[in-house]
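As you go down the protein sequences, you meet chains C and F in turn. Residues 0 to 469 in numbering that gives the first Met the number 0 are what the first sequence lists, from first letter to last. Residues 0 to 328 in numbering that gives the first Met the number 0 are what the second sequence lists, from first letter to last. Just so it is clear, CB atoms sit at the ideal spot from N, CA and C, and this is done for glycine as well. Let me begin by presenting the structure, written as structure tokens, before commenting on it.
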Amino acid sequence: MTALELSRLQFAVVTVYHYLFVPLSISLSALTAGLQTMWWRTRDERYSRATMLAGKLLMATFAVGVVTGLVQEFQFGLSWSAFAQYYGDVFGPTLAIEGMLAFFLEATFLGLWWFGRDRLRPGLHLATIWVVAVGTLISAYVILAANAFMQHPVGATIDPATGRAVLGSFTALLTNPVVVASFPHTIAGAFMAGGALLMAIGLWRRRDDAAQGPTWRLLARVGAWTTLVGGAAVSLTGDLLGKVMTEVQPMKMAAAEALYETTSHAPFSLFAFQLPGWQEPWSLDVPWLLSFLATGDPTATVRGIDDLQRQYELQFGPGDYTPWIPVAYWTFRLMIGLGMVAAAVAAYVLWRTRRGREFTPAWFADRWLLRFLWTLPVLPTAAATFGWLFTETARQPWLVFGLFQTRDGVSPTLTPVELVASLAGFALVYGVLAVVWVRLVLHVSRLEPAPLHPSSGPQEKPEPVLEMSY
Amino acid sequence: MEILWFALAVLCWVLFFALEGFDFGVGMLAPALGRDDHERGAAIRTVGPVWDGNEVWLVAAIGVTFAAFPDWYAALLSGLYLPMVLVLLALAARGVAIEFRGKVDTPVWRRRCEVALAVSSFLTAGLFGAVVAVAMTGLALDPTGAVVGTGLERSLAPLVSGPALAGAVLGVLAALVQGATFLGLRTTGPVRVRARRVAVGSAVAAGVVAAGVAVVVGGLAALFAGVVALLALAAAVAAAWRYEGTAFAAATLGVVGAVVAAFTAHVPVVLPSTLDPASSLTISGAAASPYALTVITVGAVLILPGVIAYQAFSYWVFRRRVASERVTA
Numbered sequence: 000m001t002a003l004e005l006s007r008l009q010f011a012v013v014t015v016y017h018y019l020f021v022p023l024s025i026s027l028s029a030l031t032a033g034l035q036t037m038w039w040r041t042r043d044e045r046y047s048r049a050t051m052l053a054g055k056l057l058m059a060t061f062a063v064g065v066v067t068g069l070v071q072e073f074q075f076g077l078s079w080s081a082f083a084q085y086y087g088d089v090f091g092p093t094l095a096i097e098g099m100l101a102f103f104l105e106a107t108f109l110g111l112w113w114f115g116r117d118r119l120r121p122g123l124h125l126a127t128i129w130v131v132a133v134g135t136l137i138s139a140y141v142i143l144a145a146n147a148f149m150q151h152p153v154g155a156t157i158d159p160a161t162g163r164a165v166l167g168s169f170t171a172l173l174t175n176p177v178v179v180a181s182f183p184h185t186i187a188g189a190f191m192a193g194g195a196l197l198m199a200i201g202l203w204r205r206r207d208d209a210a211q212g213p214t215w216r217l218l219a220r221v222g223a224w225t226t227l228v229g230g231a232a233v234s235l236t237g238d239l240l241g242k243v244m245t246e247v248q249p250m251k252m253a254a255a256e257a258l259y260e261t262t263s264h265a266p267f268s269l270f271a272f273q274l275p276g277w278q279e280p281w282s283l284d285v286p287w288l289l290s291f292l293a294t295g296d297p298t299a300t301v302r303g304i305d306d307l308q309r310q311y312e313l314q315f316g317p318g319d320y321t322p323w324i325p326v327a328y329w330t331f332r333l334m335i336g337l338g339m340v341a342a343a344v345a346a347y348v349l350w351r352t353r354r355g356r357e358f359t360p361a362w363f364a365d366r367w368l369l370r371f372l373w374t375l376p377v378l379p380t381a382a383a384t385f386g387w388l389f390t391e392t393a394r395q396p397w398l399v400f401g402l403f404q405t406r407d408g409v410s411p412t413l414t415p416v417e418l419v420a421s422l423a424g425f426a427l428v429y430g431v432l433a434v435v436w437v438r439l440v441l442h443v444s445r446l447e448p449a450p451l452h453p454s455s456g457p458q459e460k461p462e463p464v465l466e467m468s469y
Numbered sequence: 000m001e002i003l004w005f006a007l008a009v010l011c012w013v014l015f016f017a018l019e020g021f022d023f024g025v026g027m028l029a030p031a032l033g034r035d036d037h038e039r040g041a042a043i044r045t046v047g048p049v050w051d052g053n054e055v056w057l058v059a060a061i062g063v064t065f066a067a068f069p070d071w072y073a074a075l076l077s078g079l080y081l082p083m084v085l086v087l088l089a090l091a092a093r094g095v096a097i098e099f100r101g102k103v104d105t106p107v108w109r110r111r112c113e114v115a116l117a118v119s120s121f122l123t124a125g126l127f128g129a130v131v132a133v134a135m136t137g138l139a140l141d142p143t144g145a146v147v148g149t150g151l152e153r154s155l156a157p158l159v160s161g162p163a164l165a166g167a168v169l170g171v172l173a174a175l176v177q178g179a180t181f182l183g184l185r186t187t188g189p190v191r192v193r194a195r196r197v198a199v200g201s202a203v204a205a206g207v208v209a210a211g212v213a214v215v216v217g218g219l220a221a222l223f224a225g226v227v228a229l230l231a232l233a234a235a236v237a238a239a240w241r242y243e244g245t246a247f248a249a250a251t252l253g254v255v256g257a258v259v260a261a262f263t264a265h266v267p268v269v270l271p272s273t274l275d276p277a278s279s280l281t282i283s284g285a286a287a288s289p290y291a292l293t294v295i296t297v298g299a300v301l302i303l304p305g306v307i308a309y310q311a312f313s314y315w316v317f318r319r320r321v322a323s324e325r326v327t328a
């Protein structure tokens, strides 16, 4: 493989891995804050224990998110230095602002929340976790704004002398229509991931821990509601995002549908496969749906790949401007499909536990659900991963759409040997991290859920001599 | 404007090294100084609430460097590709080891986390020391600001040079002095006594190495190295006399001095070229556009005072000494 291919593979591996943990950090911090608020208002023991469990999962997830996010921040200089130079004026400020504004908040206040349980007044302690939750949202917005620039470059001009992007308006960068649409979509997806994790743990433990039964039931229902509402929000915001995408990157929508010819009243393909010897793939279609999804009008014309390829050749010069179609087609469908399955399971769980009913595995479907409980948090996480794979690969060959191609961004002096070495290092360390994280989550879930403020148990004795340490 | 941002970038790097320095040191020392599980736990808990906030200064530092000086960022990271990847991997192992140690209640799990923490802290301190030393002596930059050369030779050769080796040794020693004086300040009982002994020993060693560097380099840099050596010796004396606060302050000032010296040694050059002095990256040459600098200036003026205030608040909340009794985690 060439240095370019290896750099792309490494970027994909490192980024996808980081994003396995990000949605959980975003949603678990807000869920922990919400549960603690409920405890604050009701003083109900169940909320105290649920807060503590969600908080422990958040701590473990945040740690992995931080260390893999650090790699993200270095990646642009490490293997994409030409891109870093080209794009530094736009991307640098967003990264710097994210670090200064949001990341400091999250890291400092998460430490205060966890270790400050017995040191801070309860109201102040509750405030710290809300600060963490808000911090994660600000982080997500700013980083998505940086990504939105790559989908739809606004707020920058190209310096004719150096050929590099020069930031013209930071406000334009932050109000990019793509980030305005993708932020709620991403956050809704994140809540599905955290909700599904809590739902799975609640259902799992409800079976064998009768003593804390009410806590587990609460956790399962809170998780299921979060997943279901998140699912509804994901589909609504996804629809809006799809319309923005059709406008700014028509090639991406055409690739998502594998639509080669410009079509009016375009159908949406639910499923397709190529039969041997057939020219046209067999496809299960919903008539007019694609036109409606893309524009809001079922009769509208959706432009096809061949048409756009011809247009881009005129616009940008000869070259291949078509992304990898099968990947775009299938990642788009897997994103939607897996998310819908997760939301459907959540709705089923809510219905089965309605009005105080216990989830007793009475039916065939219940037993299968319990057997495959571990897949629940995997579904929305996989959906989010496929969503990112779609949004990033269907932009190719561009890094910054219409301005900067991927092949021009790689570090010029990097050799395949170095990249193979670093990939092996990432694979090894990240593999170990994944195993350790899963073991930790299972372990934390298996414990008796601890209350937020241990009323019995040994308290840390205050030192008789209070001295300034700094 | 560029000068301001150079100063702010250096400030972020200084805060990162000064704050994370004692984290690294505590990480290396915890398994050695704590004779049993509780003592080691107490040592690690001294940094538990604050290490993450400290490490974010690295995020800020690299972000500010990227924002204000994209060419500097690009050359440094792509030029020192493999050492930087190693630093990131070691930092990854470190962060997870600290966070995960207390979450599972078995001695084997905790022991593994402690070993991972010590090894990764040692590696990060040493590698960062080496990388700073190499950045100070310069890379093979061509006139476009890109690093010349390919393969392992470009990536690893600078690390086996004299300055890199001295940097690595100083990095580890500095972290040890800071970590030991910090533990002396924040723990009780036997850990505190043992930390004091390590502080004296490592501070003397750091002083000797810094003095050696002063003799070899000469010139203005020697003055800085000499001051660092004196601060290290002051830390040793203060630790021996049980002035724990003074010892920690001296150790931290020593780190601050060394990092400031490393970053400002060649002003206005930020990254010297070893091929042709004309190709060196300068403050103005590597800087981003004035508008981008304005954006981050507004951001920094609004945000950084708040960051420093709430981080100080966090240190205030956790100002008490950590006792070695078992505490429910």
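Exposure of residue i, with buried meaning 16 or more beta-carbon neighbours within 10 Å
i, result
"M0/F", "exposed"
"Q395/C", "buried"
"I307/F", "exposed"
"R195/F", "buried"
"P461/C", "Residue confidence for P461/C is low, a pLDDT of 43 falling below 50, so the modelled location carries little weight and cannot support an answer."
"P463/C", "Confidence is the limiting factor: at P463/C the pLDDT is only 39, short of 50, which leaves the residue's position unreliable and the question unanswerable from this model."
"H452/C", "exposed"
"V329/F", "Nothing in the structure corresponds to residue 329/F, since chain F is present only between 0 and 328."
"F291/C", "buried"
"F270/C", "exposed"
"G456/C", "Because G456/C sits at a pLDDT of 39, beneath the cut-off of 50, its placement in the model cannot be relied upon, and the point is left open."
Straight-line gap, residue i to residue j (C-alpha atoms, nearest Å)
i, j, result
"A145/C", "W79/C", "16 Å"
"V193/F", "L32/F", "The sequence shown places Arg at residue 193/F, not Val. Rounded to whole angstroms, R193/F to L32/F spans 6 Å at the Cα level."
"M0/C", "A286/F", "35 Å"
"G338/C", "G386/C", "10 Å"
"L227/C", "V340/C", "10 Å"
"L427/C", "A115/F", "14 Å"
"T263/F", "W12/F", "12 Å"
"G26/F", "E38/F", "13 Å"
"A97/C", "D319/C", "A quick correction: the sequence has Glu, not Ala, at residue 97/C. So the two alpha carbons sit approximately 35 Å from each other."
"Y347/C", "L368/C", "10 Å"
"V130/C", "E105/C", "7 Å"
"F5/F", "F169/C", "21 Å"
"T135/C", "I186/C", "10 Å"
"F247/F", "Y309/F", "22 Å"
"Y328/C", "A192/C", "23 Å"
"A369/F", "V9/F", "Residue 369/F is absent from the structure shown; chain F starts at 0 and stops at 328."
"P448/C", "E4/C", "47 Å"
"F110/F", "S6/C", "Reading off the sequence, residue 110/F comes out as Arg, not Phe. If you take the alpha carbons of R110/F and S6/C, they lie about 36 Å apart."
Inter-residue CB distance, residue i and residue j (contact presumed, cutoff 8 Å)
i, j, result
"L230/F", "A249/F", "5 Å"
"Y242/F", "L413/C", "Not really, about 50 Å apart at Cβ, beyond 8 Å."
"V176/F", "A234/F", "6 Å"
"P266/C", "D284/C", "4 Å"
Contacts of residue i in chain B (Cβ-Cβ under 7 Å)
i, result
"V103/F", "The structure shown contains no chain B; its protein chains are C and F."
Exercise. Between the region 99–124 of chain C and chain F, which residues of the former have a C-beta closer than 9 Å to a C-beta of the latter?
Worked result: Here the close residues are M99, L100, F102, F103, L104, E105, A106, T107, F108, L109, G110, L111, W113, F114, G115, R118 and L119.
Against chain C, which members of the region 127–143 of chain F pass a CB distance test of less than 8 Å? The region 127–143 of chain F vs chain C, Cβ under 8 Å: nothing.
task: Jot down the residue ranges of each uninterrupted alpha helix (DSSP H) in the region 257–294 of chain F, minimum 4 residues, whole runs only, in chain order.
output: Entirely contained in the region 257–294 of chain F, the alpha helix (DSSP H) runs reaching 4 residues are, in chain order, 282–285.
field: Runs of alpha helix (DSSP H) lying entirely within the region 314–362 of chain C, each at least 4 residues, in chain order
entry: Here the runs fully enclosed are 324–351.
Discussion item. If the cut-off is 7 Å on Cβ atoms, which residues from the region 285–299 of chain F count as contacting chain C, listed in chain order?
Written reply: Those residues of the region 285–299 of chain F that come within reach of chain C (Cβ to Cβ, closer than 7 Å) are A287, S288, Y290, A291, V294, I295, G298 and A299.
Margin query: Just to confirm the assignment: which complete alpha helix (DSSP H) runs, minimum length 4, are found wholly within the region 217–257 of chain F?
Written below: Counting only runs of 4+ residues, the alpha helix (DSSP H) found wholly inside the region 217–257 of chain F occupies 218–239, in chain order.
Taking beta-carbon pairs under 9 Å, can you tell me which members of the region 417–432 of chain C lie near chain F? Taking a C-beta cut-off of 9 Å against chain F, the contacting residues of the region 417–432 of chain C are E417, L418, A420, S421, G424, F425, L427, V428, Y429, V431 and L432, listed in chain order.
| said: Please give me, in chain order, every unbroken run of the alpha helix (DSSP H) with length at least 4 that falls completely inside the region 379–432 of chain C. | reply: Whole alpha helix (DSSP H) segments, 4+ residues: zero.
(request) Give the residues from the region 238–269 of chain C that approach chain F closer than 9 Å (Cβ to any Cβ), ordered along the chain. (result) Listed by position, the residues of the region 238–269 of chain C near chain F (Cβ gap below 9 Å) amount to none.
In the region 60–72 of chain F, which residues sit with their C-beta less than 9 Å from some C-beta in chain C, listed in chain order? Within the region 60–72 of chain F, the qualifying residues are A60, I61, G62, V63, T64, F65, A66, A67, F68, P69, D70 and Y72.
Interface positions of the region 380–414 of chain C facing chain F (Cβ-Cβ less than 8 Å), listed along the chain: Flagged, chain order: S410, P411, T412, L413 and T414.
What are the residues of the region 210–240 of chain F that lie near chain C, defined by any Cβ-Cβ distance shorter than 9 Å?
Closer than 9 Å at the C-beta level to chain C, one finds no residue of the region 210–240 of chain F.
Minimum length 3: unbroken beta strand (DSSP E) runs contained in the region 108–133 of chain C
With a minimum length of 3 residues, no continuous beta strand (DSSP E) run stays inside the region 108–133 of chain C.
Which residues, in order along the region 323–354 of chain C, keep a beta-carbon less than 9 Å from a beta-carbon of chain F? Look at the region 323–354 of chain C: it has no residue with a C-beta under 9 Å from a C-beta of chain F.
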